[in-house]
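Worksheet: the structure to be examined is printed underneath.
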Amino acid sequence: MTTVAVLDYGAGNVRSAVRAVAAAGAEVTLTADHDVIDDSDGLLVPGVGAFSAVMAGLRHVGAVDLIRDRHAQGRPLLGICVGLQVFFARGEEHGVETEGIGLWPGAVTGLNAPVVPHMGWTQISAPATSAMFSGIEDERFYFVHSYAATEPPPGTIVTTARHGEDFVAAVEDGTTWAAQFHPEKSAAAGQQLLRNWLATFPGPTPSS
4 MTTVAVLDYG AGNVRSAVRA VAAAGAEVTL TADHDVIDDS DGLLVPGVGA
54 FSAVMAGLRH VGAVDLIRDR HAQGRPLLGI CVGLQVFFAR GEEHGVETEG
104 IGLWPGAVTG LNAPVVPHMG WTQISAPATS AMFSGIEDER FYFVHSYAAT
154 EPPPGTIVTT ARHGEDFVAA VEDGTTWAAQ FHPEKSAAAG QQLLRNWLAT
204 FPGPTPSS
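Residue numbers are given in the numbering used here: position 198 of the sequence shown equals residue 201, and the series is strictly consecutive.
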């Protein structure tokens, strides 16, 4: 069976992500053990809360270089919510700038919207080339965030959404995918997205 490691670095509310990936057809382990992660077919990086706190947690378990290496090696990687945000070069919160993992250039900044946080179900706008949203192009997904990236990373497939302004809702960069919304809270559409991710893994197709 396809194996996925969900990175355990102290982020809250990760059990729903573990359950959702398992329901999508993978064998899932919540772990910070580098050997277990290296042996897993896929790595999911969850993220809830502040950019700076997530980066501190990732550094604490030695995951920054681990994530960079996995991306460089072209091994399946998925970031969710702040897990997407930290893939960018930096985050700016309350006047404080924090260095990100730096898979992509650019900054994550406060949403320019009349109501913040952006919370609830929102329609995404996916390009025809998207594998992430195959079969779910017209669906709504569940967002909870006050910050976002607005500049698409060069050379990637970018899906956008709008809340006050257009922002990056998802990125597909080879085998590295990331979503600003929560697939694990997005009902059937989120489950299909996770199945789409597992279908990109080399080897046997995961069971459904």
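Cβ atoms here follow ideal geometry from the backbone N, Cα and C, with glycine treated the same way.
Exercise. With distances taken Cα to Cα, identify the nearest neighbour of GLU154 among GLY52, ALA164, VAL171, ARG71.
Key: VAL171
Quiz item: What is the DSSP secondary structure of PRO209, reduced to helix, strand or coil?
Solution: Note that PRO209 scores 47 on pLDDT, short of 50, meaning its location in the model is unreliable and no value can be drawn from it.
Self-check item: C-alpha gap between MET122 and THR163, whole angstroms
Solution: Rounded to the nearest whole angstrom, the CA to CA distance from MET122 to THR163 is 16 Å.
Quiz item: When the Cα of PRO205 is compared with those of GLY52, GLY77, ARG71, which residue comes out closest?
Solution: GLY77
Practice problem: Less than 8 Å between the CB atoms is what I'm expecting for VAL149 and VAL111, so what's the real figure, rounded? | Solution: It is Ser, not Val, that sits at residue 149 in the sequence shown. Actually they are not in contact, since the Cβ atoms of SER149 and VAL111 sit about 10 Å apart, beyond 8 Å.
Quiz item: According to the neighbour-count rule (16 or more other Cβ atoms, all chains shown, within 10 Å of its Cβ), is GLN88 buried or exposed?
Solution: buried
Exercise. Evaluate contact between the region 82-99 and the region 175-193, counting only Cβ atoms and requiring at least three cross-stretch pairs below 8 Å.
Key: yes
Practice problem: Identify the continuous alpha helix (DSSP H) that holds ASP176 and give its terminal residues. | Solution: Unbroken run through ASP176 is the beta strand (DSSP E), 168-176; no alpha helix (DSSP H).
Quiz item: Which of the three DSSP states, helix, strand or coil, is assigned to GLU142?
Solution: Coil at GLU142, not helix or strand.
Quiz item: At what residue ranges does the region 58-112 contain a whole run of the beta strand (DSSP E), taking only runs of 3 or more?
Solution: Restricted to the region 58-112, the beta strand (DSSP E) segments that are unbroken, complete and at least 3 residues in length are 80-83, 91-96, 99-102, listed in chain order.
Quiz item: So, is VAL174 buried or exposed, given that buried needs 16 or more other C-beta atoms within 10 angstroms?
Solution: buried
Quiz item: At what residue ranges does the region 22-61 contain a whole run of the alpha helix (DSSP H), taking only runs of 4 or more?
Solution: Runs of the alpha helix (DSSP H) inside the region 22-61: 37-42.
Quiz item: So who's on the other strand from ALA126, going by DSSP bridges?
Solution: Per the sequence shown, residue 126 should be read as Gln rather than Ala. Answer is ARG143, bridged to GLN126.
Practice problem: Under the assumption that THR32 contacts ALA134 (Cβ atoms under 8 Å), give the Cβ distance between them as a whole number of angstroms. | Solution: At roughly 25 Å, the Cβ-Cβ gap does not stay under 8 Å, so THR32 and ALA134 are not in contact.
Quiz item: By DSSP, does LEU114 sit in helix, in strand, or in coil?
Solution: coil
Practice problem: Give me whichever residues DSSP pairs with ARG165 in a beta bridge. | Solution: By DSSP's assignment, ARG165 forms a beta bridge with ASP169.
Quiz item: Just checking, does the region 46-60 make contact with the region 89-101 on the three C-beta pairs under 8 Å criterion?
Solution: yes
Self-check item: the ligand FMN heavy atom lying under 7 Å from the CB of ASP72
Solution: Among the components of this structure there are no ligands whatsoever, and the ligand FMN is therefore not found.
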